[in-house]
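Numbering (numbering that gives the first Met the number 0), first residue to last: 0 to 320.
Each residue gets a CB set at the ideal place from its N, CA and C atoms; glycine is no exception.
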Amino acid sequence: MPVERMKRILVTGATGQIGSELTIELRNKYGNDDVIAAGHRRKPSEKLFNSGPFEYVDVTDREGITKVIKKYGIDTIYHLAAVLSAAGEEKPQLAWNVNIDSLYNILEIARKHELVRVFWPSSIAVFGPEAPRVNTPQDTVLIPRTMYGVTKVAGELLCNYYFIRFGLDVRSVRYPGIISSETPPGGGITDYAVEMFYEAIKKKRYTCFVREDTVLPMMYMPDCIKAAMDLMEADLSKVKRYVSYNVAGMSFSAGELVAEIKKYIPGFECGYKPDFRQKIADSWPMSIDDSVASEEWGWRSTHDLAAMTKDMIEKNDKTIC
Ligand code: SER
Numbered sequence: 000m001p002v003e004r005m006k007r008i009l010v011t012g013a014t015g016q017i018g019s020e021l022t023i024e025l026r027n028k029y030g031n032d033d034v035i036a037a038g039h040r041r042k043p044s045e046k047l048f049n050s051g052p053f054e055y056v057d058v059t060d061r062e063g064i065t066k067v068i069k070k071y072g073i074d075t076i077y078h079l080a081a082v083l084s085a086a087g088e089e090k091p092q093l094a095w096n097v098n099i100d101s102l103y104n105i106l107e108i109a110r111k112h113e114l115v116r117v118f119w120p121s122s123i124a125v126f127g128p129e130a131p132r133v134n135t136p137q138d139t140v141l142i143p144r145t146m147y148g149v150t151k152v153a154g155e156l157l158c159n160y161y162f163i164r165f166g167l168d169v170r171s172v173r174y175p176g177i178i179s180s181e182t183p184p185g186g187g188i189t190d191y192a193v194e195m196f197y198e199a200i201k202k203k204r205y206t207c208f209v210r211e212d213t214v215l216p217m218m219y220m221p222d223c224i225k226a227a228m229d230l231m232e233a234d235l236s237k238v239k240r241y242v243s244y245n246v247a248g249m250s251f252s253a254g255e256l257v258a259e260i261k262k263y264i265p266g267f268e269c270g271y272k273p274d275f276r277q278k279i280a281d282s283w284p285m286s287i288d289d290s291v292a293s294e295e296w297g298w299r300s301t302h303d304l305a306a307m308t309k310d311m312i313e314k315n316d317k318t319i320c
């Protein structure tokens with residue numbers, strides 16, 4: 000069955016780490032006026048604000064979202080707005096409200112207005128210590144220890160339910176930590192990998208909040224965008240799962256990242272001062288088996304640690320210094 004065309008797209012969380020870059024790529028592909036960016040608290044960058052429509056929307060306000068859907072004749076939503084893992088441990092009630100109430104709003108709106116398709120990101124945070132930590136499989140036990148992980152497991156089940164019960168075409172991947180050069184993440188466990196680049200370039204020093212031997216799965220932003228866009232464009236017959244797909248990029252320890260950055264900035268020094276985020280990192284996978292996504296819709300990542308580091312240094316050296 001060919002995919003129904005996505006003509007008018009709404010991106011929630013468009014001012015966030017993924018949204019700020021994904022929105023621009025979607026605009027490049029589908030047209031500036033046909034991709035509506037929605038943010039709430041964070042001010043949009045000039046690039047985001049000037050390249051197409053922008054709306055202030057609180058994703059927990061169903062009426063507010065509905066107004067935007069009607070105003071622009073939206074048929075597709077990339078629902079990215081979320082509270083991340085570390086921030087969610089500080090305010091678990093807020094994490095539940097933002098992550099789950101908003102997803103329920105989006106799914107209900109998509110069902111009622113018969114939208115073509117919804118994208119919603121899940122995370123490696125769905126896994127807990129009971130799951131195998133190396134090459135974590137697509138299908139395994141999901142007992143997360145963070146509220147963020149709980150909202151991602153509940154969200155996956157909700158998406159799956161809407162597909163089976165209402166035939167809503169909602170698609171999802173479990174992202175690893177995302178490394179980006181445009182907009183920094185905020186409130187995540189994997190933020191240290193991004194912070195390390197910025198601090199290495201600016202100050203040549205960084206104090207990392209996880210141990211040197213902490214290994215987590217990560218992904219460079221171009222692959223993050225590619226995963227979302229490839230999955231949303233995939234032929235419906237290839238998308239067999241409506242719980243999220245594992246997708247992998249690379250895996251490295253904090254120490255290995257330091258060594259890679261030192262190839263470009265030899266004077267860089269990194270200290271380690273693990274805090275409450277260490278325990279969460281220790282409960283997450285170290286590497287991900289994404290063979291199901293590869294087999295079903297042809298997923299392939301393009302950046303490994305060396306390629307990502309080179310690109311991050313080249314981009315940030317120009318923009319930060
Ligand atoms: N990067 C996220 C976090 O650390 C994981 O999805 O919260």
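Exposure label - residue i; buried when at least 16 CB within 10 Å
{"i": "THR206", "result": "exposed"}
{"i": "LEU156", "result": "exposed"}
{"i": "LEU343", "result": "A query on residue 343 cannot be resolved here, the shown segment of the chain reaching from 0 to 320 and no further."}
{"i": "ARG4", "result": "exposed"}
{"i": "VAL140", "result": "exposed"}
{"i": "ASP138", "result": "exposed"}
{"i": "ILE163", "result": "exposed"}
{"i": "LYS69", "result": "exposed"}
{"i": "GLY72", "result": "exposed"}
{"i": "GLY266", "result": "exposed"}
{"i": "ALA306", "result": "exposed"}
{"i": "PHE208", "result": "buried"}
{"i": "GLN92", "result": "exposed"}
{"i": "PHE275", "result": "exposed"}
{"i": "ASP33", "result": "buried"}
{"i": "ARG26", "result": "buried"}
{"i": "ARG116", "result": "buried"}
{"i": "ILE64", "result": "buried"}
{"i": "GLY12", "result": "buried"}
Secondary structure of residue i, DSSP reduced to three states
{"i": "TYR263", "result": "coil"}
{"i": "VAL165", "result": "Val is not the amino acid found at residue 165; the sequence shown has Phe there. Three-state result, PHE165: helix."}
{"i": "MET231", "result": "helix"}
{"i": "PHE275", "result": "coil"}
{"i": "ILE287", "result": "strand"}
{"i": "ARG110", "result": "helix"}
{"i": "SER44", "result": "coil"}
{"i": "ALA37", "result": "strand"}
{"i": "ALA250", "result": "The amino acid at residue 250 is misidentified as Ala; the sequence shows Ser. Reduced to three states, the DSSP call for SER250 is strand."}
{"i": "GLU3", "result": "coil"}
{"i": "VAL10", "result": "strand"}
{"i": "GLY270", "result": "strand"}
{"i": "TYR103", "result": "helix"}
{"i": "ARG240", "result": "coil"}
{"i": "ARG26", "result": "helix"}
Proximal residues to residue i (C-beta, below 8 Å), its chain only, five neighbours per side dropped
{"i": "SER252", "result": "GLU211, ASP212, THR213 and VAL214"}
{"i": "TYR55", "result": "ALA37, GLY38 and HIS39"}
{"i": "LYS42", "result": "THR14"}
{"i": "ASN315", "result": "SER180, PHE196, TYR197 and ILE200"}
{"i": "ASP229", "result": "TRP296, GLY297 and TRP298"}
{"i": "ILE23", "result": "LYS46, LEU47 and SER50"}
{"i": "LYS262", "result": "THR308"}
{"i": "GLU259", "result": "PHE251, LEU304, ALA305 and THR308"}
{"i": "LEU106", "result": "VAL117, LEU157, CYS158, TYR161, LEU167 and VAL169"}
Same chain only: Cβ atoms within 7 Å of residue i, ignoring 5 sequence neighbours per side
{"i": "ALA124", "result": "SER84, PRO143, THR145, TYR147, GLY148, LYS151 and TRP283"}
{"i": "ILE319", "result": "Any reading at ILE319 must be qualified, since the residue scores a pLDDT of 49, below 50, and its modelled position is unreliable; no value is offered."}
{"i": "ALA226", "result": "VAL172, VAL246 and TRP298"}
{"i": "GLU181", "result": "SER19 and GLU20"}
{"i": "ILE99", "result": "THR150, ALA153 and GLY154"}
{"i": "SER243", "result": "SER121, GLU155, SER171, VAL172 and ARG173"}
{"i": "TYR191", "result": "CYS207, PHE208, VAL209 and ALA253"}
{"i": "ASP74", "result": "MET5, LYS6, ARG7, LEU114 and VAL115"}
{"i": "GLN16", "result": "ILE177, SER179, THR182, PRO183 and PRO184"}
Spatial neighbours of residue i in its chain, beta-carbon cut-off 6 Å, leaving aside the 5 residues before and after
{"i": "PRO183", "result": "VAL193"}
{"i": "MET0", "result": "Caution applies to MET0, whose pLDDT of 48 falls short of 50 and renders its modelled position unreliable; the model cannot decide the point."}
{"i": "TYR77", "result": "VAL10 and PHE118"}
{"i": "PRO128", "result": "SER282"}
{"i": "TYR174", "result": "PRO120 and SER122"}
{"i": "ARG61", "result": "ASN104"}
{"i": "MET249", "result": "MET217, ASP303 and LEU304"}
{"i": "LEU167", "result": "ALA109, ARG110 and TYR161"}
{"i": "GLY186", "result": "LEU83, ALA85 and ALA86"}
{"i": "ALA233", "result": "TRP296"}
{"i": "GLY270", "result": "THR206"}
Residue i: CB within 7 Å of a non-hydrogen atom of the ligand NAP
{"i": "ILE76", "result": "Among the ligands present in this structure, namely the ligand SER, the ligand NAP is not found."}
Next item on the list: Determine, using beta-carbon pairs with one atom in the stretch 279-296 and one in the stretch 123-136, whether at least three such pairs fall under 8 Å.
Entry: yes
Check: Can we say the stretch 75-89 touches the stretch 143-153, given the rule of at least three CB pairs closer than 8 Å?
Finding: yes
Notebook entry, point to check: Which ranges would you report for the alpha helix (DSSP H) in the stretch 167-217 if only whole runs of at least 4 residues count?
Noted result: 190-201
Margin query: Does the stretch 220-229 come into contact with the stretch 296-304, if we say contact requires no fewer than three beta-carbon pairs (one atom in each stretch) closer than 8 Å?
Written below: yes
Margin query: Across the stretch 99-118 and the stretch 45-54, are there enough close Cβ pairs to call them in contact, namely three or more that are closer than 8 Å?
Written below: no
Next item on the list: List in chain order: all unbroken alpha helix (DSSP H) runs of 4+ residues lying wholly within the stretch 118-168.
Entry: 146-165
Notebook entry, point to check: Quick one: complete beta strand (DSSP E) runs, 3+ long, within the stretch 46-84?
Noted result: 53-55 and 75-78
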